[in-house]
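Undergrad:
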Ligand code: HEM
Ligand SMILES: *[C@@H]1O[C@H](CO)[C@@H](O)[C@H](O)[C@H]1NC(C)=O
Ligand SMILES: *[C@@H]1O[C@H](CO)[C@@H](O)[C@H](O)[C@H]1NC(C)=O
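Numbering (UniProt numbering), first residue to last: 1 to 316.
#1: Just to confirm the assignment, what range does the beta strand (DSSP E) spanning residue 227 have?
#2: Check each candidate in 146, 258, 103 and 295 and name the one with the smallest Cα separation from residue 79.
#3: Helix, strand or coil for residue 69 per DSSP?
#4: By Cβ distance, which residues of its chain are closer than 8 Å to residue 117, with the 5 residues on each side in sequence left out?
#5: Which same chain residues end up closer than 6 Å to residue 162 when comparing Cβ atoms and leaving out the 5 residues on each side of it in sequence?
#6: Quick one: what's got a C-beta closer than 6 Å to residue 262's C-beta in the same chain, skipping five residues either side?
#7: Please report the distance separating the alpha-carbon of residue 11 from that of residue 169.
#8: My understanding is that residue 36 touches residue 119, with C-beta atoms under 8 Å, so please give their C-beta distance in whole angstroms.
#9: Run through the segment 222–303 for me and flag every whole alpha helix (DSSP H) of 4 or more residues, listed as ranges in chain order.
#10: If I measure Cβ to Cβ from residue 15 and keep anything under 8 Å in the same chain, skipping five residues before and after, which residues do I get?
#11: May I have all residues whose beta carbon comes closer than 5 Å to any heavy atom of ligand 3, sorted in chain order?
#12: Reducing DSSP to helix, strand and coil, say where residue 136 ends up.
#13: Rounded to whole angstroms, how far is the Cβ of residue 184 from the Cβ of residue 218, which I believe are closer than 8 Å?
#14: Give me the DSSP bridge partner(s) of residue 314.
#15: Can you give me the start and stop residues for the beta strand (DSSP E) that residue 186 sits inside?
#16: Are three or more beta carbon pairs between the segment 37–56 and the segment 82–89 nearer than 8 Å?
#17: Taking the alpha helix (DSSP H) that residue 146 falls in, what are its first and last residues?
#18: Under the assumption that residue 139 contacts residue 66 (Cβ atoms under 8 Å), give the Cβ distance between them as a whole number of angstroms.
#19: Assuming residue 25 and residue 101 make a contact with CB atoms under 8 Å, what is their CB distance in whole Å?
#20: In angstroms with no decimal places, state the Cα-to-Cα distance between residue 246 and residue 103.
#21: Quick check on DSSP: helix, strand or coil for residue 17?
#22: I need the residues with a C-beta less than 5 Å from some heavy atom of ligand 2; please give them in chain order.
#23: Suppose you measure from the CA of residue 108 to the CA of residue 177; what does that come to, to the nearest Å?
Listed below in structure tokens is the structure:
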């Protein structure tokens, strides 16, 4: 009796399943893996870009591929995404390949989730079982992208609140920030730390050699679009160097270094996690996989809600 109750509770809470397309698109996972491999071969950074795109999708209206919609309320033009999120064309390519094999069956939101998983795995990181069955949203939410996505200048408390708004914890903040072991960031996302950090002079939590290097790369009034690597040890490799860097003041963004160096009381938890992940990559990989599954479960549309878009950029 009690096990029956438990079963039905679980069904209601999570309607996504790993075998959702088993009969309708049996080769889905192979197709996406092949396409992500090709994209990464063309440009290694695409792994990072596809991972980030899934995050920016899930935080706005849930994981419903709303970020892929073009049009007047497009999330693509919200500040956290504009001139920043990449990979839209790669998703078009993956979607076409999937449509050729199984037309009208697989949602864009599921393709984004699989591509993010494959990107981490193909970069040397952990793998996990992607649960599927998300449907695509019918509306974009530009204001939601502006207000719901964390900013690199925010403090730990504010970032934690934005994660809490989608039912993620401060542990997920620290764990998922480990994604910044791959990919690039533009000067404008960290340059306030280099010169006129609130108070006087540069951010004191930034390593002084890295400070000089970044000041040369990103001078005041220079090109804010210039990019640099998050993880200066192993940029293309998904590993735990992000956390090792934080131990020595080498986090690139204010929001990165704050996980270790914040003055918020909550830092005691994130600091402990940073230390544990920096010394135990297996622990980090396991935690990352489980937080990614949680993130992929943010407010999915299921059943007959939403639709399966034919073209990820427009509703049917
Ligand atoms: C905790 C709050 C977070 C903040 C404030 C933040 C902020 C940023 C910023 C400012 C950039 C650089 C964008 C640019 O220069 O155009 C970036 C890049 C990136 N972020 Fe985050 N991020 C956060 C969490 C996450 C999470 C949860 C993930 C994925 C699970 C993620 C994955 C990435 C990746 C992979 C890149 C590099 C993308 C590329 O090279 O194309 N970030 N992030
Ligand atoms: C934190 O959020 C509050 C309320 O939105 C805002 O007024 C404040 O400027 C934010 N602080 C930082 C450092 O982003
Ligand atoms: C960055 O590039 C975009 C697109 O080319 C341009 O519109 C924008 O003004 C540039 N931003 C900065 C800070 O230079």
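For every residue, glycine included, the Cβ atom is placed at its ideal position computed from N, Cα and C. No experiment lies behind these values; they were computed from the predicted model shown.
TA: So, to answer that:
#1: 227–229
#2: 146
#3: coil
#4: 127, 128, 130 and 292
#5: 150
#6: 156
#7: Caution applies to residue 11, whose pLDDT of 40 falls short of 50 and renders its modelled position unreliable; the model cannot decide the point.
#8: 6 Å
#9: 241–247, 254–261, 267–279 and 281–296
#10: 133, 300, 302 and 303
#11: 83, 224 and 225
#12: strand
#13: The Cβ separation is near 13 Å, so there is no contact.
#14: 311
#15: 184–186
#16: yes
#17: 142–148
#18: 7 Å
#19: 7 Å
#20: 46 Å
#21: strand
#22: 154, 155 and 158
#23: 24 Å
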